[in-house]
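One structure is given below, encoded as structure tokens.
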Amino acid sequence: MSELLSDPAATERVVNEYGSPVNVIHTGALRRNAAELTDAAAFHGVDMRVFFARKANKALSFVDAANQAGLGVDVASERELRQVLERGVPPRSVIVTAAVKPPRLLELSLSTGVTVALDNHDEADAYLALTAALRADGEPAPVALRIASQNGDIAPTRFGLTVPDWLEWLDARDTAGFRIDGIHFHLHGYSARDRALVLSEAVAAVDELRPRGHNPTFIDMGGGIPMSYLNDEAQWDAFDSAHTAAVLGEGPPLTWRNDGFGRRAEAGALVGTRNTYPYYQAPVRGDWFSALVDAYSNSSDRARTLASDLRERGVHLRCEPGRSLLDGCGVTFARVLFRKRSSDGIPLVGLEMNRTQCRSTSADFLLDPVLVRGPGSGQPNQPFSGYLVGAYCVEDELILRRELNFPHGVAVGDIVALPNTAGYLMHILESESHQLPLARNVVAHDGGFVEDDLGGAATREPRL
Numbered sequence: 479m480s481e482l483l484s485d486p487a488a489t490e491r492v493v494n495e496y497g498s499p500v501n502v503i504h505t506g507a508l509r510r511n512a513a514e515l516t517d518a519a520a521f522h523g524v525d526m527r528v529f530f531a532r533k534a535n536k537a538l539s540f541v542d543a544a545n546q547a548g549l550g551v552d553v554a555s556e557r558e559l560r561q562v563l564e565r566g567v568p569p570r571s572v573i574v575t576a577a578v579k580p581p582r583l584l585e586l587s588l589s590t591g592v593t594v595a596l597d598n599h600d601e602a603d604a605y606l607a608l609t610a611a612l613r614a615d616g617e618p619a620p621v622a623l624r625i626a627s628q629n630g631d632i633a634p635t636r637f638g639l640t641v642p643d644w645l646e647w648l649d650a651r652d653t654a655g656f657r658i659d660g661i662h663f664h665l666h667g668y669s670a671r672d673r674a675l676v677l678s679e680a681v682a683a684v685d686e687l688r689p690r691g692h693n694p695t696f697i698d699m700g701g702g703i704p705m706s707y708l709n710d711e712a713q714w715d716a717f718d719s720a721h722t723a724a725v726l727g728e729g730p731p732l733t734w735r736n737d738g739f740g741r742r743a744e745a746g747a748l749v750g751t752r753n754t755y756p757y758y759q760a761p762v763r764g765d766w767f768s769a770l771v772d773a774y775s776n777s778s779d780r781a782r783t784l785a786s787d788l789r790e791r792g793v794h795l796r797c798e799p800g801r802s803l804l805d806g807c808g809v810t811f812a813r814v815l816f817r818k819r820s821s822d823g824i825p826l827v828g829l830e831m832n833r834t835q836c837r838s839t840s841a842d843f844l845l846d847p848v849l850v851r852g853p854g855s856g857q858p859n860q861p862f863s864g865y866l867v868g869a870y871c872v873e874d875e876l877i878l879r880r881e882l883n884f885p886h887g888v889a890v891g892d893i894v895a896l897p898n899t900a901g902y903l904m905h906i907l908e909s910e911s912h913q914l915p916l917a918r919n920v921v922a923h924d925g926g927f928v929e930d931d932l933g934g935a936a937t938r939e940p941r942l
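Heads up: the sequence shown is residues 479 to 942, going by the numbering used here.
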């Protein structure tokens, strides 16, 4: 990606050929990121399998790369499941974790033999009934039970049920149609401590299930494995300090209309919590995982760790990273169409894209973009600070809500590069409102680019 950004003419050609915005993908980092986790697990004697969270990016190139690297794939819909199976991912390497599982998804899961993470009693009853009606060979369907923590220190979740709830359900039913292969859980945030606590609960669940005739062989801790967008913690600390001062009225605004990203000033004090990804984190991936499995288990024996608990039971660990697996795997390009000022004098730069094409569930994407000036750019204006705005016809249509400095001005035809967007930012909220086309997704390949099979905007005419 750095090589492409250092070649303005090549960057411009990509946008000319595929339109604006365009997502440029490189899958090479995926294998390295996964290896950080599996290498750390091996060091602690833990058998670990990484599953790519398909929801993090819809490009099928990542499915292919994950499969070639020996990873599994976590899917969240019928369409995702069909796609990964059509790409040749073995059913044993697929887990269905969809928050809502319609009958068609359950039927496809049953007929193909993929593992389903059951979330609630109604879902489990529906799937159990399907096994009786549709599984002519009588072979039990592989499932995992998604658990919710009973620990008061863990934030409440809408996902899963407590272990006692699951045990009560199991004890009241004939579950011969199921083979309970694992325990699954999903936690918000990135805390290794929280995951250690819930891993201990999952280990205890294994111990409860085995005397009941079930033999779970894996624990799946979902996603939430941290990555760091920044190499330098001082950059993040400096932004935090300046942004805090701005929200308190003690410094110049850094964001659109002094947006606090979930925080606000009340009686001279800062209240609320910033709703953005922590752009600097440490430890990440392998080091983070080492701290997790090296934590004390829920045993009175302080020499015992989670790693030793897993080894003793012959249970392997699974995880479903999205963002941390796709770290370094993509960039989004958008063309500058205009420069202007708002009616109250705020400088604006209009891009040929909309805000959903670089957005996650966080309040903003806080990485600095890169301005690329190619041979087709016009005359730049004078240096200034301002905001990137997009195509939706609403006042709050900001591509990034942070004020940006343009020391060399901006020209119509310049390309704005939004770095490291492959994990969730390209697709998780992307919309075709106003009948604007979805961004095309192209993959770096053999010194050139090919459109991903999931093109996304095949009807859009290339820019001439």
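For glycine and all other residues, C-beta sits at the position ideal for the given N, C-alpha and C.
Please read all numbers here as calculations on a predicted model, not as lab measurements.
Through-space distance from residue j to residue i, alpha-carbon basis
{"i": "Asp-485", "j": "Thr-754", "result": "31 Å"}
{"i": "Arg-690", "j": "Arg-560", "result": "34 Å"}
{"i": "Asn-919", "j": "Asp-892", "result": "20 Å"}
{"i": "Glu-875", "j": "Pro-761", "result": "35 Å"}
{"i": "Ile-697", "j": "Val-872", "result": "45 Å"}
{"i": "Thr-733", "j": "Leu-845", "result": "13 Å"}
{"i": "Pro-858", "j": "Gly-823", "result": "19 Å"}
{"i": "Phe-727", "j": "Ala-513", "result": "For the record, residue 727 in the displayed sequence is Gly; it is not Phe. C-alpha separation (whole angstroms): 46 Å."}
{"i": "Gly-868", "j": "Ala-680", "result": "45 Å"}
{"i": "Asp-631", "j": "Thr-640", "result": "15 Å"}
{"i": "Glu-881", "j": "Val-848", "result": "14 Å"}
{"i": "Thr-890", "j": "Phe-637", "result": "At residue 890 the sequence reads Val, which differs from the Thr that was named. The alpha-carbon atoms of Val-890 and Phe-637 are separated by roughly 47 Å."}
{"i": "Val-894", "j": "Ile-877", "result": "11 Å"}
{"i": "Ala-576", "j": "Thr-590", "result": "16 Å"}
Whole-number beta carbon distance between residue j and residue i, since they are thought to touch under 8 Å
{"i": "Ser-539", "j": "Val-921", "result": "5 Å"}
{"i": "Tyr-758", "j": "Gly-702", "result": "17 Å between Cβ atoms; not a contact."}
{"i": "Asn-511", "j": "Arg-763", "result": "6 Å"}
{"i": "Val-592", "j": "Val-572", "result": "4 Å"}
{"i": "Val-814", "j": "Leu-829", "result": "6 Å"}
{"i": "Leu-687", "j": "Thr-722", "result": "With 8 Å as the limit, Leu-687 and Thr-722 do not qualify as a contact, their Cβ atoms being about 48 Å apart."}
{"i": "Ala-554", "j": "Leu-508", "result": "The Cβ separation is near 18 Å, so there is no contact."}
{"i": "Thr-783", "j": "Ala-773", "result": "6 Å"}
{"i": "Val-741", "j": "Thr-751", "result": "At residue 741 the sequence reads Arg, which differs from the Val that was named. With a Cβ gap of about 7 Å, Arg-741 and Thr-751 count as contacting."}
{"i": "Gly-660", "j": "Pro-634", "result": "In fact, because the Cβ distance is near 23 Å, the residues do not count as touching under 8 Å."}
{"i": "Tyr-729", "j": "Ala-720", "result": "Reading off the sequence, residue 729 comes out as Gly, not Tyr. That belief holds up - the Cβ atoms of Gly-729 and Ala-720 are roughly 6 Å apart, short of 8 Å."}
{"i": "Val-574", "j": "Leu-563", "result": "Actually they do not touch by this definition, with Cβ atoms about 11 Å apart."}
{"i": "Leu-606", "j": "Phe-656", "result": "7 Å"}
{"i": "Asn-832", "j": "Leu-932", "result": "So it is not a contact: roughly 19 Å between Cβ atoms."}
{"i": "Val-888", "j": "Arg-817", "result": "6 Å"}
{"i": "Tyr-865", "j": "His-912", "result": "In fact, because the Cβ distance is near 20 Å, the residues do not count as touching under 8 Å."}
Residue range of the unbroken beta strand (DSSP E) whose run includes residue i
{"i": "Gly-750", "result": "747 to 750"}
{"i": "His-923", "result": "918 to 923"}
{"i": "Val-594", "result": "593 to 596"}
{"i": "Arg-657", "result": "656 to 662"}
{"i": "Phe-529", "result": "526 to 531"}
{"i": "Gly-864", "result": "862 to 867"}
{"i": "Glu-929", "result": "926 to 929"}
{"i": "Asp-698", "result": "696 to 698"}
{"i": "Pro-761", "result": "Premise fails: Pro-761 is in no beta strand (DSSP E) and is neither H nor E."}
{"i": "Gly-828", "result": "825 to 829"}
Sequence-distant residues of its chain with Cβ nearer than 6 Å to residue i (five each side left out)
{"i": "Pro-940", "result": "Annotation note: pLDDT 41 at Pro-940 (below 50); position unreliable, coordinate value reported separately. The residues are Glu-495."}
{"i": "Ser-821", "result": "none"}
{"i": "Ser-838", "result": "Tyr-902, Leu-903 and Ile-906"}
{"i": "Gln-835", "result": "Pro-499, Glu-908 and Ala-917"}
{"i": "Glu-558", "result": "Arg-532"}
Beta-carbon contacts of residue i that lie in its chain and below 7 Å, excluding the five residues immediately before and after
{"i": "Ser-840", "result": "Asn-753, Thr-754 and Tyr-755"}
{"i": "Arg-527", "result": "Gly-550, His-794 and Arg-796"}
{"i": "Leu-588", "result": "Leu-608, Thr-609, Leu-612, Arg-613 and Ala-619"}
Close Cβ partners of residue i (< 8 Å) along its chain, the five nearest in sequence each way excluded
{"i": "Asp-737", "result": "Ala-841, Asp-842 and Arg-879"}
{"i": "Arg-565", "result": "Leu-538, Val-541, Asp-542 and Asn-545"}
{"i": "Leu-482", "result": "Ala-488, Thr-489, Val-492, Val-502, Val-809 and Ala-922"}
{"i": "Val-928", "result": "Val-920 and Val-921"}
First through last residue of the alpha helix (DSSP H) which encompasses residue i
{"i": "Ala-670", "result": "670 to 687"}
{"i": "Val-641", "result": "641 to 649"}
{"i": "Asn-494", "result": "486 to 496"}
{"i": "Val-872", "result": "It is not in any alpha helix (DSSP H) - Val-872 carries neither H nor E in the DSSP assignment."}
{"i": "Arg-791", "result": "784 to 791"}
{"i": "Thr-609", "result": "599 to 612"}
{"i": "Ala-543", "result": "538 to 546"}
{"i": "Asp-715", "result": "711 to 725"}
{"i": "Phe-739", "result": "Note, Phe-739: premise wrong, no alpha helix (DSSP H); not H, not E."}
Stretch pair the region 851 to 866 + the region 518 to 526: three plus CB contacts closer than 8 Å
Between the region 851 to 866 and the region 518 to 526 there are fewer than three C-beta pairs closer than 8 Å, too few to call the two in contact.
Touching or not, the region 798 to 805 and the region 892 to 902, by the rule of three or more beta carbon pairs under 8 Å?
By the criterion of at least three beta-carbon pairs nearer than 8 Å, the region 798 to 805 is in contact with the region 892 to 902.
Closer than 8 Å is the cut-off here; do at least three beta carbon pairs connect the region 710 to 719 with the region 804 to 811?
Contact fails: fewer than three Cβ-Cβ distances are below 8 Å.
Validate contact between the region 652 to 664 and the region 618 to 629 using beta carbons, cut 8 Å, 3 pairs:
Segments in contact, yes.
Check whether the region 609 to 621 and the region 634 to 644 touch, using three or more Cβ-Cβ pairs below 8 Å as the test.
Counting Cβ pairs under 8 Å, fewer than three are found: no touch.
So, does the region 580 to 599 touch the region 671 to 685, judging by three or more C-beta pairs under 8 Å?
Contact between the region 580 to 599 and the region 671 to 685 is absent, because fewer than three Cβ pairs lie under 8 Å.
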